[in-house]
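Novice:
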Amino acid sequence: MLSLQFPVSRAMTGIIFTPTKARLVTLLPARPSLSQIAYRSYRRRLYSTESAGTSQPERSKLRSRLFRALGFTSIAVVAFLVGFAYSPAKALVRIMTVSVPTDEETLSLFKPQDEFAREVDTYIRTHPVAEALRANPAFVESRPHLKIPEGLRSRTLIAGTLAGSNKIVVPPYSWSEKAGKSTVSIYYLGSDISGHPDIVHGGLLATILDEGMGICCFGALPSGFGVTANLNIDYKRPVPTNTYAVLKAETVKVAGRKAWVEGRIESLPEKGEEPVVFVEAKALFVEPKLASV
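With numbering that gives the first Met the number 0 applied, the sequence shown corresponds to residues 0 to 292, in that order.
Printed below as a string of structure tokens:
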């Protein structure tokens, strides 16, 4: 006799073949014995005990790692906030304890480091462009770099790092209209600030424009201070090294804490010549929200 069985729910259905006929029967599963029930119960208890025993250390390790991560993160955040708050405060105290010279006083503070610097300084100061601006009552003459306290000046980019022999040889002379309307500054760009040989580096020109255009518009902002939000530059012609250059900037629009400025760098013309435009730029300056606090 041959028997085939198929699973149907908890009962079993099968076809029993005999030599003469086949018949469909339902086979009920055999009931487990008491020993089988006891064995299964023991296995369940054993599995439960093992699971509980292994999960507890894992949870402890997870908590330990979490607390360590939170601790290190908290220390880092606190250290950053303390440093962030302390550094500006320290710098502000250092600046506030030093008296800032007036515009007029800056005109007599520069001491040329050599004879060439003396010649450059005299040439700019007595040039017809400078004399015409000096005679115009709408403009105030100054040397902005010399307003920076000497202890801080050496750590600034233009007034410190880029200043000196064969670089920006003398602090620029500057003439500014009141209320931040416009500014004119005269520089001498030496031989050691080139990109390509004998050509002033374009990044230096961008840096000068950024500073000069900012100085131009600060008087138009409520707190007298702003930061660069956008600066677009068009390079028209290469600027040769060992060149006198004029930066001109004009504030074209002011809206609340924002000021739009247009500027350019051109040659310092000799008598009867027209200036050559080297670079043109447009910029947006924004007063920080807490600047007036």
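Cβ coordinates follow ideal geometry from the N, Cα and C atoms, glycine included. Note that the structure is predicted; figures quoted are calculated from it, not measured.
What are the start and end residues of the beta strand (DSSP E) that includes leucine 230?
Specialist: Leucine 230 -> beta strand (DSSP E) spans 226–234.
Novice: Tell me which residues share the same chain as lysine 166 and place their Cβ nearer than 6 Å to its Cβ, disregarding the 5 neighbours each side in the sequence.
Specialist: Here the set comprises Gly189, Asp191 and Ile192.
Novice: Quick one: what's got a C-beta closer than 7 Å to glycine 201's C-beta in the same chain, skipping five residues either side?
Specialist: Taken in chain order, the residues that qualify are Gly194 and Tyr234.
Novice: In chain order, which alpha helix (DSSP H) runs of at least 4 residues are fully inside the stretch 198–225?
Specialist: List check, alpha helix (DSSP H) in window: 201–217.
Novice: Can at least three beta-carbon pairs, one atom from the stretch 131–149 and one from the stretch 266–282, be found at a separation below 8 Å?
Specialist: Segments in contact, no.
Novice: Would you decide whether phenylalanine 103 is buried or exposed? Buried here means 16 or more other CB atoms lie within 10 Å of its CB.
Specialist: Just to set this straight, residue 103 is glutamate in the shown sequence, not phenylalanine. It counts as exposed.
Novice: Within 10 angstroms of its Cβ, does glycine 223 collect 16 or more other Cβ (buried), or is it exposed?
Specialist: Its Cβ having fewer than 16 others within 10 Å, glycine 223 is exposed.
Novice: By the DSSP assignment, the beta strand (DSSP E) with valine 311 in it spans what residues?
Specialist: An answer regarding residue 311 cannot be provided, because it is not within the stretch 0 to 292 covered by the chain.
Novice: What is the DSSP secondary structure of phenylalanine 284, reduced to helix, strand or coil?
Specialist: DSSP places phenylalanine 284 in strand when its eight states are reduced to three.
Novice: Using the Cα positions of proline 136 and leucine 151, report the straight-line distance between them to the nearest angstrom.
Specialist: Rounded to whole angstroms, proline 136 to leucine 151 spans 32 Å at the Cα level.
Novice: Output the residue ranges of the beta strand (DSSP E) runs that lie fully inside the stretch 106–161 and measure 3 residues or longer, sorted by chain position.
Specialist: Runs of the beta strand (DSSP E) inside the stretch 106–161: 138–141.
Novice: With a threshold of 6 Å on Cβ separation, who are the neighbours of glutamate 261 within its own chain once the five nearest residues in sequence on each side are excluded?
Specialist: So the list reads Glu249, Val251 and Lys281, once near-sequence residues are dropped.
Novice: So what does lysine 252 bridge to, in DSSP terms?
Specialist: Trp259, per the DSSP bridge assignment.
Novice: Going by C-alpha distance, which of Tyr172, Leu156 and Gly159 is nearest glutamate 140?
Specialist: Considering only alpha carbons, the answer is Tyr172.
Novice: Taking the alpha carbon of cysteine 216 as the reference point, which residue from Asp113, Trp174, Lys180 and Gln112 has its own alpha carbon closest?
Specialist: Nearest option by C-alpha distance: Lys180.
Novice: Could you name the residues that DSSP lists as bridge partners for alanine 244?
Specialist: Answer is Tyr186 and Ser266.
Novice: In three-state terms, what does DSSP make of glutamate 293?
Specialist: Any question about residue 293 goes unanswered here, given that the chain covers just 0 to 292.
Novice: Our contact map puts valine 226 next to phenylalanine 138 with C-beta atoms below 8 Å; I'd like the distance itself, whole angstroms only.
Specialist: Going by Cβ atoms, the distance from valine 226 to phenylalanine 138 rounds to 25 Å, so no, they are not a contact pair.
Novice: When the Cα atoms are used, what is the spatial distance from alanine 116 to valine 168?
Specialist: Approximately 6 Å between the Cα atoms of the pair.
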